[in-house]
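Heads up, the thing below is written out as structure tokens.
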Amino acid sequence: MWQLQRSAKTPPPQPTNKIAQFWKNAKELARFYKDGTKLLWANHKHAKELREKESQGHVLSRSEFQLIHRSNKDFRKLVPFVITFIIVGEWIPLVVMFVPGLIPSTCITNAQLEKLRRKMYEKRNVMSQNVLESSKSIKAISKEDFANVNGMIRISKQFGPDFELQHIDRPHLKAYCKFMGLGHRFATKGMLIRRLQSHLDYLRRDDQLIAKDGVDSLVLPELQSAAEERGMRSVDVSETHLKRSLKYWISLHLRNPPFPQGLLIFSRIFLLNAKY
1 MWQLQRSAKT
11 PPPQPTNKIA
21 QFWKNAKELA
31 RFYKDGTKLL
41 WANHKHAKEL
51 REKESQGHVL
61 SRSEFQLIHR
71 SNKDFRKLVP
81 FVITFIIVGE
91 WIPLVVMFVP
101 GLIPSTCITN
111 AQLEKLRRKM
121 YEKRNVMSQN
131 VLESSKSIKA
141 ISKEDFANVN
151 GMIRISKQFG
161 PDFELQHIDR
171 PHLKAYCKFM
181 GLGHRFATKG
191 MLIRRLQSHL
201 DYLRRDDQLI
211 AKDGVDSLVL
221 PELQSAAEER
231 GMRSVDVSET
241 HLKRSLKYWI
251 SLHLRNPPFP
261 QGLLIFSRIF
271 LLNAKY
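Numbering (full-length UniProt numbering), first residue to last: 1 to 276.
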């Protein structure tokens with residue numbers, strides 16, 4: 001009877017099984033990040049070769065330009081990432097979600113990237129809704145004005161100086177940086193301006209390269225990445241939407257004479273959920 005009662009019970013899970021699973025996960029994680037670090041180093045070497053070719057007159061394609069840009073960003077993260085991995089080990093996926101700026105792009109899975117983009121959209125959406133609500137009391141500006149070039153020209157003529165970065169106060173510059181996914185904490189006004197200018201300078205060159213080959217030449221992952229970098233919605237929208245929103249952005253950014261940089265960013269806040 002005693003034996004029957006013992007056999008009827010479900011035996012508790014063995015500690016060795018948990019340990020084995022832990023080590024299996026740890027090994028898979030280490031292999032993934034090892035491969036990602038190898039790819040980062042290979043990209044760094046390739047980017048160095050491309051910069052040397054460019055100095056000798058080679059004209060970069062957009063894919064080459066993007067490789068150099070990503071490699072520069074990733075290489076700056078290499079040492080902090082390695083130190084973080086040594087300290088936290090298998091908790092790195094949590095670091096990806098809460099401190100994504102520490103993780104090189106070669107060490108982020110597609111699923112993690114999707115979560116990061118959704119998290120960023122949620123933050124942008126809160127900011128966008130607050131601005132749209134506040135703008136209801138300002139009759140001189142409407143959402144529709146940002147949706148076409150003529151409306152943007154009118155706003156630029158009427159409020160242009162107010163949208164020059166050097167005329168914008170620090171709290172609003174911080175909000176602009178936050179919306180664009182740029183570092184903003186503990187930054188001085190001068191630092192915030194330089195970050196925005198540097199990012200927009202990068203986007204201008206990228207826009208020129210995209211315009212050269214045409215937006216339709218981009219595949220879906222490239223469109224999503226381009227939208228994300230420009231403060232535009234990249235999740236839960238169609239490929240057609242992504243193409244139209246990017247074409248409109250390029251028409252604004254490459255316009256001559258140019259729109260004030262602050263106005264370009266402000267338009268993204270207004271048009272985050274616009275239909276294209």
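The C-beta atom is built at its ideal place from N, Cα and C for all residues, glycine as well.
Query: Selected residue, minimal CA-CA separation from aspartate 207, among Glu164, Lys174 and Gln66; Result: Gln66
Query: Pairwise C-alpha distance: leucine 165 and serine 245; Result: 24 Å
Query: Cα-Cα separation, histidine 184 to leucine 40; Result: 26 Å
Query: Outcome for glutamate 64 when other beta-carbon atoms lying within 10 angstroms are tallied against a minimum of 16; Result: buried
Query: 8 Å CB neighbourhood of lysine 18 in its chain, flanking five on each side removed; Result: none
Query: For leucine 29, the nearest candidate out of Phe75, Lys73 and Ile108 (CA to CA); Result: Ile108
Query: Pick from Val99, Ser128 and Pro93 that is closest to glutamine 112, judged by C-alpha positions; Result: Pro93
Query: Three-way DSSP call (helix, strand, coil) for alanine 20 in this model; Result: helix
Query: For isoleucine 265, three-class secondary structure by DSSP; Result: helix
Query: Residue interval of the alpha helix (DSSP H) (run including histidine 172); Result: 170–179
Query: Same chain, Cβ closer than 7 Å to alanine 274, neighbours up to 5 away in sequence not counted; Result: Ala147
Query: Contacting residues, own chain, Cβ-Cβ under 6 Å from leucine 116 (five flanking each side not counted); Result: Pro100
Query: DSSP state of aspartate 35 mapped onto helix, strand, coil; Result: helix
Query: Buried or exposed (CB count within 10 angstroms, at least 16 for buried), methionine 1; Result: Any answer about methionine 1 is weak, because its pLDDT of 37 lies below 50 and its placement is not dependable; what the coordinates show is given next. Answer is exposed; the Cβ neighbour count stays below 16.
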